[in-house]
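Once you know that position 92 of the sequence shown is 91 in numbering that gives the first Met the number 0, the rest is easy, because the numbers rise by one and skip nothing.
Reading through the structure tokens given below for one structure.
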Amino acid sequence: MISALVNSLLPLTILLSIMLVIRRPLRKSIDANTVYNLWLIIPLSLMLYFIPLPWQHLSELSINELTTVESQNSLMQRFLVSPSQSITQELSLDNLLGFWLSSTWILGFTLLISYWSLTQYNYRKALKLEVLIDSKYQQQLVESNAHKLMIARSSHIHSPILIGLFQQILVIPEDFETLYTPEQQQLIISHEVCHFSQHHMWTNQLALLLLALFWFNPLAWRAYAAFRQDQEHSCDQVVLARKQTQSRIQYCKALVLAAETSPPNAFTLLSFKQNGEQHFMFNRIEQIKQMSKGLSAKNTMAKVAKIGLVTLVSSSLLVGVSYAGSQVMQDKKAEVHKEEKVHAYPTQRIEPKYPIAAAEAGTEGSVVLKFDVEADGTVSHVEVVNAKPAYVFDKSAVRALKQWRYKETGKVSKNLLVQLDYLMGPSSKKLESLIERIEVSR
Numbered sequence: 000m001i002s003a004l005v006n007s008l009l010p011l012t013i014l015l016s017i018m019l020v021i022r023r024p025l026r027k028s029i030d031a032n033t034v035y036n037l038w039l040i041i042p043l044s045l046m047l048y049f050i051p052l053p054w055q056h057l058s059e060l061s062i063n064e065l066t067t068v069e070s071q072n073s074l075m076q077r078f079l080v081s082p083s084q085s086i087t088q089e090l091s092l093d094n095l096l097g098f099w100l101s102s103t104w105i106l107g108f109t110l111l112i113s114y115w116s117l118t119q120y121n122y123r124k125a126l127k128l129e130v131l132i133d134s135k136y137q138q139q140l141v142e143s144n145a146h147k148l149m150i151a152r153s154s155h156i157h158s159p160i161l162i163g164l165f166q167q168i169l170v171i172p173e174d175f176e177t178l179y180t181p182e183q184q185q186l187i188i189s190h191e192v193c194h195f196s197q198h199h200m201w202t203n204q205l206a207l208l209l210l211a212l213f214w215f216n217p218l219a220w221r222a223y224a225a226f227r228q229d230q231e232h233s234c235d236q237v238v239l240a241r242k243q244t245q246s247r248i249q250y251c252k253a254l255v256l257a258a259e260t261s262p263p264n265a266f267t268l269l270s271f272k273q274n275g276e277q278h279f280m281f282n283r284i285e286q287i288k289q290m291s292k293g294l295s296a297k298n299t300m301a302k303v304a305k306i307g308l309v310t311l312v313s314s315s316l317l318v319g320v321s322y323a324g325s326q327v328m329q330d331k332k333a334e335v336h337k338e339e340k341v342h343a344y345p346t347q348r349i350e351p352k353y354p355i356a357a358a359e360a361g362t363e364g365s366v367v368l369k370f371d372v373e374a375d376g377t378v379s380h381v382e383v384v385n386a387k388p389a390y391v392f393d394k395s396a397v398r399a400l401k402q403w404r405y406k407e408t409g410k411v412s413k414n415l416l417v418q419l420d421y422l423m424g425p426s427s428k429k430l431e432s433l434i435e436r437i438e439v440s441r
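And the structure:
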């Protein structure tokens, strides 16, 4: 788990940095809702990063085609790889370091999840909710297709908030009718309904989970705050999309009034005055002022941006598909050379390094590599054909094979196979061949 988080730290940091840099300029050229949707790139990119793609290894059919010449043919050679003495000596230190890193991460993750859960539980308990069965706001909820949203009243808040996950509750303050005008009340309720309709409570839980996973990355904390701010801008835009100037003025006045107090746990609740610091509230007001300028152009730019987002994700998938297609074409080209018998043995063999993480875990496995031997005996075009387990020994095997040397024959030998067996010691059980051999008779 720790190694996966560390490996994803660089791409995640790059993505977060890009989002933090472009979000403000983008809001001036496209709508706030589109900017908020761009945050979807973060979890989608992490999913693509962690999910193994099927075309990263050649298919079993291609493997068989490369090895169906004769069962007695030595097309594939096998070599044993064991942990070196230096690695064995380092295991105790690495185990200790890994233990402390894992323990520190688990401690931080557990403390954050526990703190957030306890804070929300205590806050909800302190609200002392009074559920409203027949509320004058019920009709507005029905018209907004939010009839499943419960309404409750509390004397411990000064602005409506949304709480809960499976049963979400819209909590309004006891003095809600006296603090805000009827139009402001309607606009504020619409703001909370927007959070409910767009499932922001669930989205925020996912964001909190990602924050807890990467709690050691300072940029993740800054990105979470920016994400929540963009979420508020998005709801502001949805609420005021078709409102007149007077309604926007009333909305801004409600924001100023709500800015007098800040929610005690802004990380876990959805409130009309979410992130209620004055500078952010004024930032929201400034953003609302810009909504009235160039709406048609902004709508066009928004559509272009959304298309660009879809294109970005689609192009990533298409690149993978095209890569898979190129692999298939390479396999077909390799069939031209499969009738040629090649008996080659390395004159210089560099021992692959047993991965420290695999040695610590006692992991054993095999890697089958396809490669070419040039006329001067050097190795080229090294590719992983199969690996078990996948992605554990691949880099070590490829790095070592590229340094091997074969006898100079004056001609190029293509599509040779070698299997490297990674075993912890002599007592380890011999691993099976990862290449299926088929006897072909005349």
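Beta carbons: idealized from backbone N, C-alpha and C, even for Gly.
Given residue i as reference, the closest of the options once Cα atoms are compared
{"i": "residue 223", "options": "244, 6, 381 and 35", "result": "35"}
{"i": "residue 363", "options": "386, 236 and 397", "result": "386"}
{"i": "residue 188", "options": "254, 116 and 47", "result": "254"}
{"i": "residue 194", "options": "181, 182, 159 and 215", "result": "159"}
{"i": "residue 493", "options": "411, 12, 38 and 174", "result": "Since the displayed the chain opens at 0 and closes at 441, residue 493 lies outside it and no answer follows."}
{"i": "residue 170", "options": "46, 114 and 162", "result": "162"}
{"i": "residue 442", "options": "33, 210, 177 and 114", "result": "No information on residue 442 is available, as it lies outside the stretch 0 to 441 that the chain covers here."}
{"i": "residue 395", "options": "186, 354 and 21", "result": "354"}
{"i": "residue 413", "options": "423, 374, 102 and 47", "result": "374"}
{"i": "residue 384", "options": "398, 368, 392 and 397", "result": "368"}
Beta-carbon proximity list for residue i, same chain, < 8 Å, skipping 5 on both sides
{"i": "residue 328", "result": "Annotation note: pLDDT 47 at residue 328 (below 50); position unreliable, no value reported."}
{"i": "residue 127", "result": "153, 154 and 155"}
{"i": "residue 196", "result": "143, 144 and 145"}
{"i": "residue 181", "result": "none"}
{"i": "residue 403", "result": "345, 347, 348, 349 and 378"}
{"i": "residue 376", "result": "346, 404, 405, 406, 407 and 408"}
{"i": "residue 3", "result": "49"}
Proximal residues to residue i (C-beta, below 7 Å), its chain only, five neighbours per side dropped
{"i": "residue 14", "result": "40, 41 and 44"}
{"i": "residue 140", "result": "146, 148 and 192"}
{"i": "residue 100", "result": "1"}
{"i": "residue 410", "result": "374"}
Length of the line joining the Cα atoms of residue i and residue j
{"i": "residue 6", "j": "residue 348", "result": "30 Å"}
{"i": "residue 111", "j": "residue 1", "result": "17 Å"}
{"i": "residue 179", "j": "residue 390", "result": "60 Å"}
{"i": "residue 427", "j": "residue 351", "result": "18 Å"}
{"i": "residue 346", "j": "residue 405", "result": "5 Å"}
{"i": "residue 203", "j": "residue 370", "result": "48 Å"}
{"i": "residue 213", "j": "residue 96", "result": "19 Å"}
{"i": "residue 19", "j": "residue 116", "result": "27 Å"}
{"i": "residue 9", "j": "residue 242", "result": "43 Å"}
{"i": "residue 357", "j": "residue 104", "result": "21 Å"}
{"i": "residue 234", "j": "residue 190", "result": "6 Å"}
{"i": "residue 57", "j": "residue 401", "result": "With a pLDDT of only 40 at residue 57, under the threshold of 50, the placement of this residue in the model should not be trusted; the figure read from the coordinates follows. Rounded to the nearest angstrom, the two C-alpha atoms are 19 Å apart."}
{"i": "residue 257", "j": "residue 215", "result": "33 Å"}
{"i": "residue 249", "j": "residue 172", "result": "19 Å"}
{"i": "residue 238", "j": "residue 230", "result": "13 Å"}
{"i": "residue 218", "j": "residue 17", "result": "11 Å"}
{"i": "residue 408", "j": "residue 344", "result": "12 Å"}
{"i": "residue 421", "j": "residue 165", "result": "49 Å"}
{"i": "residue 136", "j": "residue 183", "result": "13 Å"}
{"i": "residue 246", "j": "residue 236", "result": "13 Å"}
{"i": "residue 418", "j": "residue 201", "result": "47 Å"}
{"i": "residue 131", "j": "residue 138", "result": "13 Å"}
{"i": "residue 361", "j": "residue 125", "result": "51 Å"}
{"i": "residue 381", "j": "residue 423", "result": "25 Å"}
{"i": "residue 207", "j": "residue 398", "result": "39 Å"}
{"i": "residue 415", "j": "residue 47", "result": "32 Å"}
{"i": "residue 167", "j": "residue 129", "result": "14 Å"}
{"i": "residue 365", "j": "residue 21", "result": "45 Å"}
{"i": "residue 205", "j": "residue 157", "result": "27 Å"}
{"i": "residue 220", "j": "residue 29", "result": "25 Å"}
{"i": "residue 102", "j": "residue 392", "result": "26 Å"}
Cβ shell of residue i (< 6 Å), same chain only, five flanking positions each side left out
{"i": "residue 23", "result": "none"}
{"i": "residue 107", "result": "214"}
{"i": "residue 134", "result": "150"}
heavy atom of the ligand SAH below 7 Å from residue i C-beta
{"i": "residue 165", "result": "In the structure shown, the ligand SAH is absent, as is every other ligand, since no ligand is present at all."}
Contained alpha helix (DSSP H) runs [length at least 4] in the region 350-437, N- to C-terminal order: 355-360 and 393-400
Cβ pair count under 8 Å reaching 3, the region 221-237 against the region 117-132: no
In chain order, each alpha helix (DSSP H) run of at least 4 residues that lies wholly inside the region 14-39: 31-36
Beta strand (DSSP E) runs wholly inside the region 96-121, at least 3 long, in chain order: none
Continuous alpha helix (DSSP H) assignments of at least 4 residues falling wholly in the region 158-188: 175-178
Continuous alpha helix (DSSP H) assignments of at least 4 residues falling wholly in the region 213-254: 217-239
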